[in-house]
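Trainee: Structure provided below as structure tokens; questions to follow.
2 protein chains.
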Amino acid sequence: MAARRHFGSIPGIAVGALFASRADVAAAGVHRPRIAGISGAAAEGADSIVLNGGYEDDEDRGDEVTYTGHGGNEPETGRQIAHQALHAGNRALAKNCLDGLPVRVVRGWREPSGYGPPTGFRYDGLYRVVRHWSEVGQSGFRIWRFRLERDDPSAPPWEFSGTSARESQSEYRPEHVVQRLVRNSAVIQHVKDLHQYRCQICGIRLETPGGPYAQGAHIRPLDRPHNGPDEPANVLCLCPNDHVLLETGALVIRDDLTVIERPSSRPLGQLRTVRGHNVSIGELAYHRRMFT
Amino acid sequence: MAARRHFGSIPGIAVGALFASRADVAAAGVHRPRIAGISGAAAEGADSIVLNGGYEDDEDRGDEVTYTGHGGNEPETGRQIAHQALHAGNRALAKNCLDGLPVRVVRGWREPSGYGPPTGFRYDGLYRVVRHWSEVGQSGFRIWRFRLERDDPSAPPWEFSGTSARESQSEYRPEHVVQRLVRNSAVIQHVKDLHQYRCQICGIRLETPGGPYAQGAHIRPLDRPHNGPDEPANVLCLCPNDHVLLETGALVIRDDLTVIERPSSRPLGQLRTVRGHNVSIGELAYHRRMFT
Numbered sequence: 006m007a008a009r010r011h012f013g014s015i016p017g018i019a020v021g022a023l024f025a026s027r028a029d030v031a032a033a034g035v036h037r038p039r040i041a042g043i044s045g046a047a048a049e050g051a052d053s054i055v056l057n058g059g060y061e062d063d064e065d066r067g068d069e070v071t072y073t074g075h076g077g078n079e080p081e082t083g084r085q086i087a088h089q090a091l092h093a094g095n096r097a098l099a100k101n102c103l104d105g106l107p108v109r110v111v112r113g114w115r116e117p118s119g120y121g122p123p124t125g126f127r128y129d130g131l132y133r134v135v136r137h138w139s140e141v142g143q144s145g146f147r148i149w150r151f152r153l154e155r156d157d158p159s160a161p162p163w164e165f166s167g168t169s170a171r172e173s174q175s176e177y178r179p180e181h182v183v184q185r186l187v188r189n190s191a192v193i194q195h196v197k198d199l200h201q202y203r204c205q206i207c208g209i210r211l212e213t214p215g216g217p218y219a220q221g222a223h224i225r226p227l228d229r230p231h232n233g234p235d236e237p238a239n240v241l242c243l244c245p246n247d248h249v250l251l252e253t254g255a256l257v258i259r260d261d262l263t264v265i266e267r268p269s270s271r272p273l274g275q276l277r278t279v280r281g282h283n284v285s286i287g288e289l290a291y292h293r294r295m296f297t
Numbered sequence: 006m007a008a009r010r011h012f013g014s015i016p017g018i019a020v021g022a023l024f025a026s027r028a029d030v031a032a033a034g035v036h037r038p039r040i041a042g043i044s045g046a047a048a049e050g051a052d053s054i055v056l057n058g059g060y061e062d063d064e065d066r067g068d069e070v071t072y073t074g075h076g077g078n079e080p081e082t083g084r085q086i087a088h089q090a091l092h093a094g095n096r097a098l099a100k101n102c103l104d105g106l107p108v109r110v111v112r113g114w115r116e117p118s119g120y121g122p123p124t125g126f127r128y129d130g131l132y133r134v135v136r137h138w139s140e141v142g143q144s145g146f147r148i149w150r151f152r153l154e155r156d157d158p159s160a161p162p163w164e165f166s167g168t169s170a171r172e173s174q175s176e177y178r179p180e181h182v183v184q185r186l187v188r189n190s191a192v193i194q195h196v197k198d199l200h201q202y203r204c205q206i207c208g209i210r211l212e213t214p215g216g217p218y219a220q221g222a223h224i225r226p227l228d229r230p231h232n233g234p235d236e237p238a239n240v241l242c243l244c245p246n247d248h249v250l251l252e253t254g255a256l257v258i259r260d261d262l263t264v265i266e267r268p269s270s271r272p273l274g275q276l277r278t279v280r281g282h283n284v285s286i287g288e289l290a291y292h293r294r295m296f297t
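Chains as they are written, first to last, in my numbering: chain H, 6 to 297; chain C, 6 to 297.
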């Protein structure tokens, strides 16, 4: 049986770690395939990618990368000779985008951007896939594109190794403040999988070309001063609309799992449940106390 | 006519700026009220607050603050003697939370946490209101609470001034990666106001105890390589569910403003419009090219 795909950093492998060859990168567990640029599966997401100049349409600015999906290019030249589809590794990266899964990024010496290592391969940390779309590339064929943003607590290697001149940070725009930030975790992913992305309050399942979309909502918030547990019994699988309503106290849930609209106290129906996912009555009571 | 409330930093006032008195803080435009801890209005949001030991239930950890709303406390002692309501300044802070508006934070010398200045008042930068809820405080009365997180490009003053021992940063939890981040801007706020928070695709208006909730969606993304304009004609007012569907290409919009489900090509209806908000046909076409 294959080991479960590991998302996130590899214990013992620091950002900036250098490898002489793809075989060494694979042996360390940083990027397991020897040839493919994307390590992933459509149903699981992508745990790592390699940037090594394989695609003419890639755009690498260090912290921000526009990555081209795979398929349709000539391995010898990197030239695009056919359309790409939202399948296989491309679909895996779309799942990262939908579910908020991190992807490890490795750069190789062939990377033309100046952000790669002078020789061999280097682990550059975790990135988020913040957007995916398609477009007609330089050679006239449809390609899938993924905007990656670096999201790693360690400084990027090109800052401390001095291997490359770095462009100025993408500017901070104070007028563009965060309105809403939704986090993911292994526990949330598990609960979304159990419910197959169907909202436990309204029953909707949002379908997108890259796969279904849902959010995991902690009933008792994780952050201080609530310090709710990161356990399945404290997580609901919700559509984004019902997530907002739960988080703001526009909805509360009774011990008998009736969903109640506030302040009208109108019952909206029963919370949907599935075998294998018990919802904590204690945390539901904590949430009610936050708003009543 | 009163000047429009200004959200964000004050030009010329750096993080760490010191003031001898509340009158000086007010004269600089950093926090205009001379006595009140919250500068804001229910319909507009809160542009600034002062942390100065006024509430027994406040919890100040520097970058993270649990702030107590106003009302029901004895000014002389700070003791809570009645319930608080989600009105006035409290409702203003809830609007910050719903709309992603930043709030300037000023700390005074009375602040007992150790993060305040030794004398006078200090501007400590911009914070986000990430959550609001109520609870029964130390004195047995209901109080409103706001979790603030610092979101400012400048280092916090307690790091560079050495006025206080700083606790370790809140830990980075790699398993809790960002799943979805929704930004706000003055343009987005304007479009949401024009539509009174009603979704232009499905017509829903999400009602929460703190006010209505909607998101602004850029039709052509702002970020590279799209570089869409931050203008009302490139923004739609959407519920979170339809925002996800638009951003992932599960929906596209025709030049005649028919909303089309993908990949079925089923028409879902007409985009809702209001006087004073023209939607750019060119940007709708750009969005269609991203997904078809």
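Think of the CB as a built atom: it goes at the ideal place given N, C-alpha and C, for glycine as much as any other residue. It should be emphasised that the depicted structure is a prediction, and the values quoted were computed from it without experimental measurement.
Shorter than 9 Å from the beta carbon of H:R155 to some beta carbon of chain C?
Mentor: no
Trainee: Smallest Cα separation from H:G77: which of H:E69, H:D65, H:E64, H:H92?
Mentor: With distances taken between Cα atoms, H:G77 lies closest to H:H92.
Trainee: Can you check the stretch 39-93 of chain C for any beta strand (DSSP E) of at least 3 residues that lies completely inside it and give the ranges in chain order?
Mentor: 43-46, 50-56, 69-73
Trainee: Please tell me whether C:L304 and C:E79 are closer than 9 Å, where the distance is taken between their beta carbons.
Mentor: Lying before the first or after the last residue shown, residue 304 of chain C is absent from chain C, which here runs from 6 to 297.
Trainee: What's the call for C:V279, buried or exposed, on a 16-neighbour Cβ count within 10 Å?
Mentor: exposed
Trainee: When you compare only the Cα positions, how much space is there between H:F296 and H:P161?
Mentor: 43 Å
Trainee: Decide yes or no for the touch test of the stretch 195-205 of chain C against the stretch 225-234 of chain C: beta carbon pairs closer than 8 Å, at least 3 of them.
Mentor: no
Trainee: Since C:G33 meets chain H, which of its residues come closer than 8 Å, beta carbon to beta carbon?
Mentor: Note that residue 33 of chain C is Ala in the sequence shown here, rather than Gly. Taking a Cβ-Cβ cut-off of 8 Å, C:A33 has no neighbours in chain H, whose nearest Cβ is about 18 Å from it.
Trainee: Which residues bound the alpha helix (DSSP H) around C:R293?
Mentor: From DSSP, the alpha helix (DSSP H) with C:R293 extends over 286-296.
Trainee: Contact check, C:L289 vs C:I258 under 8 Å by CB: the rounded distance?
Mentor: 5 Å
Trainee: Looking at the strands, I want to know which residues DSSP matches up with C:E154.
Mentor: C:E69, C:R133
Trainee: Under the three-state reduction of DSSP, which class applies to C:A222: helix, strand or coil?
Mentor: strand
Trainee: Over what stretch of residues does the beta strand (DSSP E) that includes C:R115 continue unbroken?
Mentor: Premise fails: C:R115 is in no beta strand (DSSP E) and is neither H nor E.
Trainee: Any beta-carbon of chain H closer than 9 Å to the one on C:F296?
Mentor: Chain H contact via Cβ: present.
Trainee: From the DSSP output, which residues share a beta bridge with C:R280?
Mentor: Paired residues: none, contrary to the question.
Trainee: Within 10 angstroms of the Cβ of H:A255, are there 16 or more other Cβ atoms? Answer buried if so, exposed if not.
Mentor: buried
Trainee: Run through DSSP, which three-state label would C:P162 get?
Mentor: helix
Trainee: H:R229 CB to nearest chain C CB: under 9 Å?
Mentor: yes
Trainee: Which value, in whole angstroms, describes the spacing of the CA atoms of C:P107 and H:R267?
Mentor: 27 Å
Trainee: Alpha carbon to alpha carbon, how far is H:V110 from H:L159? Give it in angstroms, no decimals.
Mentor: In the sequence as displayed, the identity of residue 159 of chain H is Ser instead of Leu. Going by the C-alpha atoms only, they are around 13 Å apart.
Trainee: Ordered along the chain, which non-local residues of its own chain (more than five positions away) have a Cβ less than 6 Å from that of C:G21?
Mentor: P162
Trainee: May I ask you to report which of helix, strand or coil DSSP gives H:L262?
Mentor: coil
Trainee: Please determine, among H:R294, H:P217, H:K100, the residue with the shortest C-alpha to C-alpha distance to H:A47.
Mentor: H:K100
Trainee: Which residues of the stretch 43-66 of chain C have a Cβ closer than 9 Å to any Cβ of chain H? Give them in chain order.
Mentor: Within the stretch 43-66 of chain C, the qualifying residues are E64, R66.
Trainee: Which stretch, first to last residue, makes up the alpha helix (DSSP H) that contains C:L250?
Mentor: The continuous alpha helix (DSSP H) containing C:L250 extends over residues 245-252.
Trainee: Count the other CB atoms within 10 Å of the CB of C:D261; is the residue buried (16 or more) or exposed (fewer)?
Mentor: exposed
Trainee: Does any residue of chain H bring its CB to less than 9 Å from the CB of C:P179?
Mentor: Here C:P179 scores only 46 on pLDDT, less than 50, and its place in the model is too uncertain to base an answer on.
Trainee: Expressed to the nearest angstrom, what Euclidean distance is found between the alpha-carbon atoms of C:R133 and H:R84?
Mentor: 46 Å
Trainee: Using the beta-carbon of each residue, which ones in chain C are nearer than 9 Å to H:V257?
Mentor: Within 9 Å Cβ-Cβ: nothing; H:V257 doesn't reach chain C, min ~11 Å.
Trainee: Going by beta-carbon coordinates alone, are C:V249 and H:P245 separated by less than 9 Å?
Mentor: Their beta carbons are under 9 Å apart, which means C:V249 touches H:P245 by this criterion.
Trainee: So with Cβ pairs under 9 Å, would you call H:V135 a contact of chain C?
Mentor: yes
Trainee: Quick one: residues in its chain with C-beta nearer than 6 Å to the C-beta of C:F24, no 5 flanking neighbours on either side, listed in chain order?
Mentor: V30, G125, F126
Trainee: Apart from the five residues on each side of it in sequence, which residues of its chain come closer than 7 Å, Cβ to Cβ, to C:L227?
Mentor: G233, D235
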